[in-house]
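>
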Amino acid sequence: MNSALQCLSNTPPLTEYFLEDRYEAEINHNNPLGMRGEIAEAYAELIKQMWSGRHSHVAPRMFKTQVGRFAPQFSGYQQQDSQELLAFLLDGLHEDLNRVKKKPYLELKDANGRPDSVVAKEAWENHRLRNDSIIVDIFHGLFKSTLVCPKCSKVSVTFDPFCYLTLPLPLKTDRSMDVSLVLADLHRRPTQYRLVVPMMGTISDLCEALSKLSKIPAENMVVTDVYNHRFHKIFQMDEGLSHIMPKDNIFSSEDGAECIILSVYFREKRIRQSSTSLGTVLCGQPLLISVPKHKLTLDHLYNVMEHQDRDEEGREKASETDSCQSEGCAHDLLGKEWQHHKKHLFTFSLVNSYGTSEINSITTQGKLLKLNSYATLAIDLDPDTRKLLFDEQESQAFEKDESMLQSQKKKTTVALKDCIELFTTMETLGEHDPWYCPKCKKHQQATKKFDLWSLPRILVVHLKRFSYSRYWRDKLDTVVEFPIRDLSMSEFVCDPAADPYVYDLIAVSNHYGAMGVGHYTAYAKNKVNGKWYYFDDSSVSVASEDQIVTKAAYVLFYQQRDSKQHVAPSLPAESELALEECDGMDTN
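This is the structure in structure tokens:
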């Protein structure tokens with residue numbers, strides 16, 4: 001709330017309107033879409049307090065109470081979005097100050113081939129017949145929207161008013177991922193690689209990228225997510241990389257042809273505190289082992305585990321037919337003790353995928369086991385055997401490929417104009433968002449293009465930093481380079497008769513932190529002394545222009561240079577007023 005109010009307060013034409021009491025004659029108490037004029041009156045009172053010169057800070061409790069009455073989402077102490085609050089305030093002030101007391105019914109007309117200038121003029125006049133306020137005077141512009149039917153080529157042109165410009169940020173096309181590869185040679189430690197993969201790619205893209213660095217065929221890889229000593233997920237090749245979060249532990253291991261792939265967990269048997277019966281606790285890292293189908297016997301499983309963990313002195317080189325690949329930390333067992341034990345030091349059990357429940361024990365000697373791929377086996381060890389065989393420090397060890405020395409890709413910087421160009425780029429409507437073609441008489445996935453026809457005196461630019469998808473929610477920390485002065489928008493305005501649009505920055509609402517958490521602040525330029533100030537709840541400090549452009553910039557306020565700038569005589573020379581931190585104001 002503080003961030004949004006400081007931006008609006010430092011918008012000169014709006015603040016002058018309230019300080020000069022012009023609002024009093026225009027309050028619309030009976031507008032069913034408004035708030036009985038109460039939001040406008042509460043805002044006017046707040047602005048007068050802020051610019052009276054009598055206060056070092058103001059606690060806008062009454063204003064917040066009024067906002068919460070009409071918009072319950074902004075009541076209480078939860079963090080809210082500054083742009084959503086700005087949108088509510090601009091709409092609420094507009095309806096409370098709408099000079100139109102009775103809105104006429106108007107039927108929308110299609111362009112039907114008429115000149116854009118004629119259709120745009122008609123659309124703007126119709127808009128003003130129903131919406132006429134200081135907010136429209138200052139903040140409203142006009143979009144041109146063009147839809148083209150892909151079947152019949154019907155072109156539909158409409159002109160729609162807007163109060164702020166929501167601009168998309170160019171999304172990154174790739175991401176870096178750290179992946180551990182477990183090799184067929186189980187005596188070698190896993191190797192960690194840093195891969196660059198497509199943002200919207202699949203697991204097969206990850207394997208291809210890993211293959212280029214490791215020289216291991218991508219088709220021989222199995223990709224897993226390891227969590228809490230077990231396989232949280234074993235991925236299919238066509239699954240999207242959006243399933244993988246940045247902090248996931250991703251392993252890839254070599255697979256073998258004509259083999260059954262088994263998941264192997266290590267469990268320590270412990271006596272339960274509540275009884276004398278034995279319980280099990282997962283330990284170490286899980287394995288993925290590939291066993292030739294014709295060798296899938298209990299004896300062979302024992303040989304595989306014993307063979308893979310012999311020490312350097314007693315290691316025997318396995319022939320290719322006896323080879324078995326595994327993932328995880330086979331290297332975390334100390335093999336030297338195997339030579340001194342004639343009996344097996346562990347037992348196998350068939351368990352569920354969590355390793356918590358036994359399906360049955362495996363005791364069939366000599367015969368082929370009836371196991372499916374990705375069946376889960378548990379190796380149960382008593383505490384003494386675990387201490388004897390496991391080296392916890394070694395279990396966490398891995399080698400680093402030289403790709404890990406490469407720093408993570410630095411955050412790219414984009415220009416504000418790149419975001420505007422992206423906004424005005426033609427796109428095809430999604431299958432769930434079709435357009436009803438009046439000529440075809442059915443919904444079609446039309447192409448859609450937005451253009452700017454006319455711009456307002458105060459241009460509010462909302463940078464769409466929050467990205468949502470089914471599996472991915474993220475805040476884009478891209479630094480958007482926006483000019484402090486001389487923002488020329490004429491190249492984006494398609495009205496050939498429009499005067500030049502040149503803007504200067506007057507305020508910025510900042511958001512620090514991630515989605516759902518964080519903190520809002522504001523930069524704003526004082527119109528009286530021309531200085532920039534940084535507003536952080538009840539703290540205010542002088543700012544320099546080189547501080548303003550950051551990755552936190554969220555909503556930008558630009559003032560058209562050619563607009564009239566009346567200096568209100570009641571404004572103090574130094575109006576760097578703080579809004580006192582109060583209930584619902586501090587968004588930490």
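Per UniProt numbering, the sequence shown starts with residue 1, numbered consecutively.
For glycine and all other residues, C-beta sits at the position ideal for the given N, C-alpha and C.
Taking the alpha helix (DSSP H) that Cys419 belongs to, which residues open and close that run?
Per DSSP, Cys419 belongs to the alpha helix (DSSP H) from Leu416 to Phe423.
> Rounded to whole angstroms, how far is the Cβ of Val100 from the Cβ of Asn131, which I believe are closer than 8 Å?
Between Asn131 and Val100 the Cβ distance is about 7 Å, and since that is below 8 Å, they are a contact.
> Taking the Cβ atom as the reference point for each residue, do Val222 and Leu377 lie within a distance shorter than 8 Å?
For Val222 and Leu377, no; Cβs fall outside 8 Å.
> What residues in its chain sit with their C-beta under 8 Å from that of residue 598, if we drop five residues either side in the sequence?
This structure cannot speak to residue 598, because the chain is shown only from 1 to 588.
> Pick from Gly141, Asp225, Leu169 and Pro217: whose alpha carbon is nearest that of Val179?
Of the listed residues, the one whose Cα sits closest to Val179 is Asp225.
> Starting from the Cα of Leu85, find the closest Cα among Lys102, Phe63 and Asn98 and give me that residue.
Checking every option, the nearest Cα to that of Leu85 belongs to Phe63.
> Looking only at its own chain, which residues have a Cβ that is under 7 Å from the Cβ of Asn360, when we skip the five neighbours before and after it?
Excluding sequence neighbours, Asn360 sits near Leu350.
> Using only the alpha-carbon positions, how far apart do Val414 and Tyr523 sit?
Looking at the two C-alpha atoms, the distance is approximately 21 Å.
> CA-CA distance, Ser290 and Thr347?
If you take the alpha carbons of Ser290 and Thr347, they lie about 19 Å apart.
> For the putative contact between Leu463 and Gly141, defined by C-beta atoms under 8 Å, what is the C-beta separation to the nearest angstrom?
Not really, about 17 Å apart at Cβ, beyond 8 Å.
> Closer than 8 Å is the cut-off here; do at least three beta carbon pairs connect the stretch 52 to 63 with the stretch 113 to 128?
They do not touch, by the three-pair rule.
> Consult DSSP for Arg189 and reduce its assignment to one of helix, strand or coil.
Three-state DSSP puts Arg189 in coil, outside helix and strand.
> Could you tell me whether the Cβ atoms of Met200 and Gly240 are closer together than 8 Å?
Yes, Cβ-Cβ distance for Met200 and Gly240 is below 8 Å.
> Tell me whether Pro438 is buried or exposed, calling it buried when 16 or more other Cβ atoms sit within 10 Å of its Cβ.
Its Cβ having fewer than 16 others within 10 Å, Pro438 is exposed.
> Around the C-beta of Met305, are 16 or more other C-beta atoms found within 10 angstroms, so that it is buried, or is it exposed?
Buried, by the Cβ-count rule.
> Under 8 Å: do the stretch 92 to 99 and the stretch 10 to 30 share three or more Cβ pairs, one atom per stretch?
Yes: the two stretches touch, three or more of their Cβ pairs being nearer than 8 Å.
> Can the beta-carbon of Asp477 be found closer than 8 Å to that of Lys551?
Yes, the Cβ-Cβ distance between Asp477 and Lys551 is below 8 Å.
> From the DSSP output, in three-state form, read off Asp225 for me.
If DSSP states are grouped into helix, strand and coil, Asp225 belongs with the strands.
> When you compare the CB of Asp401 with every CB in chain B, is at least one pair closer than 8 Å?
The structure shown has no chain B; it contains just one protein chain.
> Could you pull out every residue in the same chain whose Cβ sits closer than 6 Å to the Cβ of Lys525, ignoring the five residues on either side in sequence?
Result list for Lys525: Ile506 and Trp532, in chain order.
> Going by the CB atoms, is the gap between Arg465 and Tyr554 shorter than 8 Å?
Against a cut-off of 8 Å, the Cβ pair of Arg465 and Tyr554 comes out as a contact.
> For Val157 and Leu147, I'd like the C-alpha separation in whole angstroms.
Looking at the two C-alpha atoms, the distance is approximately 7 Å.
> Run through the stretch 126 to 200 for me and flag every whole alpha helix (DSSP H) of 4 or more residues, listed as ranges in chain order.
Runs of the alpha helix (DSSP H) inside the stretch 126 to 200: 134 to 139.
> Would His229 and Gln285 qualify as a contact pair, given that the criterion is a beta-carbon distance under 8 Å?
Contact: yes.
> Should Lys236 go down as buried or exposed, given a rule of 16 or more other Cβ atoms within 10 Å for buried?
The amino acid at residue 236 is misidentified as Lys; the sequence shows Gln. The residue is exposed, with fewer than 16 neighbouring Cβ atoms inside 10 Å.
> Find out if the Cβ-Cβ distance for the pair Phe535, Gln6 is shorter than 8 Å.
Result yes, Cβ atoms of Phe535 and Gln6 sit closer than 8 Å.
> Which first and last residues belong to the alpha helix (DSSP H) in which Thr94 is found?
Sequence check: residue 94 is His here, not Thr. Segment Ser82 to Asp96, the alpha helix (DSSP H) holding His94.
> What ranges does the beta strand (DSSP E) occupy inside the stretch 454 to 539, keeping only unbroken runs of at least 3 residues that lie completely in it?
Segments of the beta strand (DSSP E) lying fully in the stretch 454 to 539: 458 to 464, 466 to 468, 473 to 475, 479 to 481, 502 to 512, 519 to 525 and 532 to 536.
> With 16 as the cutoff for other CB atoms within 10 Å, does Leu129 come out buried or exposed?
Flag for Leu129 reads exposed.
> With DSSP as the reference, label residue 592 as helix, strand or coil.
What is shown of the chain runs 1 to 588, which leaves residue 592 out entirely.
> Across which residues does DSSP place Tyr436 in a beta bridge pair?
In the DSSP output, where bridge partners are listed per residue, Tyr436 has His443.
> Can you tell me whether Cys419 is buried or exposed, with buried defined as 16 or more other CB within 10 angstroms of its CB?
Flag for Cys419 reads buried.
> Report, in whole angstroms, the separation of the C-beta atoms of Ile39 and Leu19, which I expect to be a contact under 8 Å.
About 17 Å; that fails the 8 Å criterion.
> Tell me the rounded alpha-carbon separation between Ala497 and Val136.
Whole-angstrom Cα-Cα distance: 21 Å.
> Hey, out of Asp499, Lys475 and Lys527, whose CA is closest to Gly513's CA?
Among Asp499, Lys475 and Lys527, the Cα nearest to that of Gly513 is on Lys475.
> Using a Cβ-Cβ cutoff of less than 6 Å, which residues in the same chain neighbour Tyr436 once the five nearest sequence positions on both sides are dropped?
Excluding residues within five positions, the ones whose Cβ falls inside 6 Å are His443.
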